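In the numbering used here, the protein residues as written are 1 to 249. C-beta atoms are modelled at their ideal positions from N, C-alpha and C, and glycine is treated no differently. Remember, it's a predicted structure, so these values are computed and weren't measured experimentally.
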Ligand code: 13P
């Protein structure tokens, strides 16, 4: 395989699986970058500043948030405004299926969040993916197209990451096979060329990524990173994933 032209990005979406901030001390000695990869750590929002302090402010480029609210300020109980955290992070994840399902976020909310991220000069990661029902009913293309449609009036010269995360692969151990991921990535990238050709987009994959399958995913030519859920909240599993990529030639 031709060497990757860009650094492979390995994003740790710790979700609500790290519930003690003391656990984050384990991430202090991680190699956050290497010839082959860069890492982005996304702890739960209340721990962003803790992790920022642990890593030091020079490492803000390796920190991100799992979610923001779609408004900047106001009476939104429990919300996290981008302005509360933007000095401590460089990336924000929007549109994750768990936000769509458990927090009822729709395309309008997600587009507002995307614009807030871009206006704050941070790097967005937009997650898209089909459910098993969509897959079985051959609705893959229409569902993904609808999720990507929010990119239509986005204007930025900054990079945007699109995380293709089939819902049926999240937390199930049922990782999509390489051909399926490659075809999905091709579809997503072509679709974005139609919707908004001005965007600088990289495609990453998420769904049951582990140290056992990371190299299969790394070797897919149009995939430039991974969004790791469960395995990112376990320091030894996450370090092993990075180690495998480091050893790739
Ligand atoms: P798992 O790696 O636990 O399947 O989660 C994937 C995911 O949702 C990353 O955002």
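Check                                                                                                        : Outcome
Unbroken beta strand (DSSP E) run spanning residue 123, endpoints                                            : 123 to 128
For residue 127 and residue 163, believed in contact at Cβ under 8 Å, the rounded distance                   : 4 Å
Identity of the residues DSSP links to residue 13 by a beta bridge                                           : 42
Contact test: residue 170 Cβ vs the ligand 13P heavy atom, cutoff 6 Å                                        : yes
Spatial distance of residue 1 from residue 247 (CA atoms)                                                    : For residue 1, the pLDDT reaches just 44, beneath the cut-off of 50, and the residue's location in the model is therefore unreliable, leaving the point undetermined.
Distance between beta carbons of residue 11 and residue 226, contact taken as under 8 Å                      : 7 Å
Start-end ranges of the alpha helix (DSSP H) lying completely within the region 56 to 87, minimum 4 residues : 82 to 85
Buried or exposed (CB count within 10 angstroms, at least 16 for buried), residue 102                        : exposed
Inter-residue Cα distance where the pair is residue 82 and residue 75                                        : 15 Å
Any non-hydrogen atom of the ligand 13P closer than 6 Å to residue 45 Cβ                                     : no
Residue 194 versus residue 148: straight-line alpha-carbon distance, rounded                                 : 11 Å
Host alpha helix (DSSP H) of residue 164 (start-end)                                                         : Where residue 164 is concerned, there is no enclosing alpha helix (DSSP H), although the beta strand (DSSP E) it sits in stretches over 159 to 164.
Cβ contact check for the region 229 to 244 and the region 178 to 187: 3 or more pairs under 8 Å              : no
Span separating the alpha-carbon of residue 171 from that of residue 239                                     : 19 Å
Beta-carbon proximity check, residue 15 vs residue 206, cutoff 7 Å                                           : no
Residue 209 CB to nearest heavy atom of the ligand 13P below 6 Å                                             : yes
Test item: CB-CB of residue 70 and residue 119 under 7 Å                                                     : no
Local Cβ density within 10 Å of residue 202, reported as buried at 16 or more and exposed below that         : buried
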